[in-house]
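Okay, so the sequence shown: first residue is -1 according to the numbering used here, each after it adds one. Virtual Cβ for every residue (Gly too), placed ideally from N, Cα, C.
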Amino acid sequence: MAFHPTTLLEPHTPPALTTEPHVIVRGERLTVWDREGRSYLDATSGMLCTNLGYSQPRLVRAAERQMARLPFFASFAHRTADVALALADDLARLAPLPMGRTFFANSGAEANDSAFKLAWYYHRCLGRYGRSTVISQERGYHGTTVAAGSATGLDFVHRGFGLPLPSFVTVACPDPHGPLREGLSEDRFVDRLVGRLERLIEHEGPDTVAAFIAEPILGAGGLIIPPPGYYPRVQEVLARHDILFVVDEVVTGFGRTGSMFATTEFGLAPDLITLAKGLSSAYAPISAVMVGQRVMDTIADRSPDVGAFGHGFTYSGHPVAAAVAREALAIVVEEDVPGHVRETAPTLMTALADAFGGEACVRDVRGYGFLAAVTFVTGAGGLPEGEWGARVMSEAVEHGLLVRAVGDTVIVAPPLVSTGEEIRTMVGLLEKAYRAALAGIR
Ligand code: PLP
């Protein structure tokens, strides 16, 4: 039997609260079925990735066609498959700002590892051998490989392994509900956050810092939406020190915020953008780093001095994954998925506000596009800190709904093709789950 990520190994527990894993056997649009035949509306989009829903026939056919034509060819040493090149061209056309080229990998974490290596390589190309530090945010999530896990600002990813690696440091989380805000106005809060970043860079030594990585909206850390003034100010600081800005759009890319990329939504100017999840709507493992023109020009010009970019994966640019991703992107464009999200997001927010807004146990309801969250008051009803999310999530399972829990927060991230009616149904089930959880603790 397998053992699974981010789960206590003994006993092998949530979300089903039994010693058996919860085994899903089939999916259709927004619904999945477990092996006992029970169905669940998936308000988590898999893990914020099955953006086009389950069993999308065009994606299935794209995989079949490519399997039959060319199931694999490696992209090492100046060889590649035509379909990987075509996908890079598709991405260049969609890119939120002119990007130089695209590097393919298989997962979000691999894309982020690749982005760090690109940043290190870039600085080496410029003779800056001391630039190794990567700054990330507390509660940011960038994956669990050794490097991406080091950049992830969450203790559960570090604790068992002695991470982070020495060259990874974190800066304060831009959480408008966090302790750093302390009654400050939004502007003063941004000043404080930016001041922290500046002091950290001074402390590390500006000549030692290679890159700063951030999610436009922090997802796995509990859906944290930074104040609008935050990233523009961060970018100024980074530019002043020639620290590369890596924007992790693994979750936000391809429509989740109501724009094709959150980079556009928030007016960002990243040097590197990492993508995964929605790139293939999770039908095949594929990720990408889009490399900005300035970085690309530098590493292209100088690589003869430093040596080949000695990095890559057997499955970089995998033809079947690339073909599926091309089809997924075609659907996102043809069906104007970002436009649908923009139009339908108010339904999600209104439904959540109606269901939870006036509740004494609820701290706040927030959202952006098809990323929404309800945070419960820590300790309300006598529950231990951080337990509200798990309680509501397991009640939701009983009610036929999958949501995600992070401490006292429940995250609702429906597939991007969900209709307003389907979203109201999801929120209705979530409200029932919450009422059941409340009744259970009284
Ligand atoms: N970056 C973000 C923002 C994520 O949410 C995730 C996964 O949830 C990752 C990176 C890592 O992706 P993967 O699990 O494919 O390595």
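Item checked: Distance between beta carbons of A371 and L221, contact taken as under 8 Å -> Sure, about 4 Å apart at Cβ, within 8 Å.
Note to self: So, with DSSP's three-state summary, where would you put L95?
What the structure shows: The DSSP-derived three-state label of L95 is coil.
Check: Which term fits Q135, buried or exposed, when burial requires 16 or more other beta carbons within 10 angstroms of its beta carbon?
Finding: By the C-beta density criterion, Q135 is buried, having at least 16 other C-beta atoms within 10 angstroms.
Checklist line | Cut-off 6 Å between Cβ atoms - residues of its own chain near F114, not counting five sequence neighbours on either side | finding: Around F114: V132 and A145.
Next item on the list: Starting from the Cα of P224, find the closest Cα among R137, D111, P164 and L198 and give me that residue.
Entry: For P224, the closest C-alpha among the options R137, D111, P164 and L198 is that of R137.
Checklist line | Reference V390; option with closest CA among A435, G405, S416 and E213 | finding: Among A435, G405, S416 and E213, the Cα nearest to that of V390 is on A435.
Next item on the list: Work out the CA separation of H76 and T42 for me, nearest whole Å.
Entry: Rounded to whole angstroms, T42 to H76 spans 39 Å at the Cα level.
Margin query: I need the boundaries of the alpha helix (DSSP H) containing L266, first residue and last residue.
Written below: From DSSP, L266 is part of no alpha helix (DSSP H); its letter is neither H nor E.
Next item on the list: Just the C-alpha distance for P55 and A170, rounded to the nearest angstrom, thanks.
Entry: Their backbone Cα atoms lie some 44 Å apart in a straight line.
Next item on the list: Give every residue of the same chain whose Cβ lies closer than 7 Å to the Cβ of Y52, excluding the five residues on either side of it in the sequence, and list them in chain order.
Entry: The residues are G25, E26, R27 and V30.
Next item on the list: Measuring alpha carbon to alpha carbon, tell me which of E247, G377, L195 and T78 ends up nearest Q233.
Entry: The shortest C-alpha separation from Q233 is found at L195.
Check: Among G276, P283, L6 and M294, which has the Cα closest to the Cα of D269?
Finding: Ranking G276, P283, L6 and M294 by Cα distance to D269 puts M294 first.
Next item on the list: Look up V415 in the DSSP assignment and say whether it is helix, strand or coil.
Entry: V415 falls in the coil class under three-state DSSP.
Check: The beta strand (DSSP E) with D362 in it runs from where to where?
Finding: Run containing D362: V360 to Y366, per the beta strand (DSSP E) assignment.
Notebook entry, point to check: Tell me which same chain residues have a C-beta within less than 7 Å of the C-beta of E325, skipping the five on either side of it?
Noted result: Excluding residues within five positions, the ones whose Cβ falls inside 7 Å are R56, L57 and A60.
Note to self: Less than 8 Å between the C-beta atoms of F253 and V335, yes or no?
What the structure shows: According to the sequence displayed, residue 253 carries Gly and not Phe. It is a contact, given that the beta carbons lie within the stated cut-off.
Check: Can you give the Cα-Cα distance for L85 and D352, rounded to whole angstroms?
Finding: In a straight line, the C-alpha of L85 is about 42 Å away from that of D352.
Margin query: Distance check for G193 and A321, CA to CA, integer angstroms please.
Written below: Approximately 45 Å between the Cα atoms of the pair.
Check: Between the C-alpha atoms of A358 and H140, what's the straight-line distance to the nearest angstrom?
Finding: Going by the C-alpha atoms only, they are around 34 Å apart.
Margin query: Quick check on the DSSP output: the beta strand (DSSP E) that includes G25 runs from which residue to which?
Written below: For G25, the enclosing beta strand (DSSP E) covers residues I22 to E26.
Notebook entry, point to check: Is the stretch 122 to 131 touching the stretch 194 to 212, taking contact as three or more C-beta pairs under 8 Å?
Noted result: Segments in contact, yes.
Next item on the list: Over the uninterrupted beta strand (DSSP E) stretch that includes S285, give me the two end residues.
Entry: Residues S285 to G290.
Note to self: Under DSSP, the beta strand (DSSP E) around R157 begins and ends at which residues?
What the structure shows: Membership of R157 in any beta strand (DSSP E) is not indicated, and neither H nor E is assigned to it by DSSP.
Note to self: Distance check for A0 and P174, CA to CA, integer angstroms please.
What the structure shows: Rounded to whole angstroms, P174 and A0 show a C-alpha spacing of 40 Å.
Note to self: I'd like the list of long-range same chain contacts for Y281, defined as Cβ closer than 6 Å, with 5 residues on each side in sequence excluded.
What the structure shows: Here the set comprises L57 and V322.
Item checked: Span of the beta strand (DSSP E), counted from its first residue to its last, around I199 -> First-last for I199: E184 to E202, but that is the alpha helix (DSSP H), not the beta strand (DSSP E).
Item checked: Cβ separation of G315 and A82, assumed to be a contact under 8 Å, to the nearest whole Å -> So it is a contact: roughly 3 Å between Cβ atoms.
Next item on the list: Can you have a look at E419 and say buried or exposed, based on whether 16 or more other CB atoms are within 10 angstroms of its CB?
Entry: By the neighbour-count rule (16 or more Cβ atoms within 10 Å), E419 is not buried but exposed.
Notebook entry, point to check: From D111 to T143, what does the alpha carbon distance come to, in whole angstroms?
Noted result: Spanning the two alpha carbons is a distance of roughly 8 Å.
Margin query: Given this structure, state the Cα-to-Cα distance separating Q64 from L89, to the nearest angstrom.
Written below: Q64 and L89: Cα-Cα distance of roughly 19 Å.
Next item on the list: Report yes if the C-beta distance between G366 and I215 is below 8 Å; otherwise report no.
Entry: The amino acid at residue 366 is misidentified as Gly; the sequence shows Tyr. With contacts defined as CB atoms closer than 8 Å, Y366 and I215 qualify as a contacting pair.
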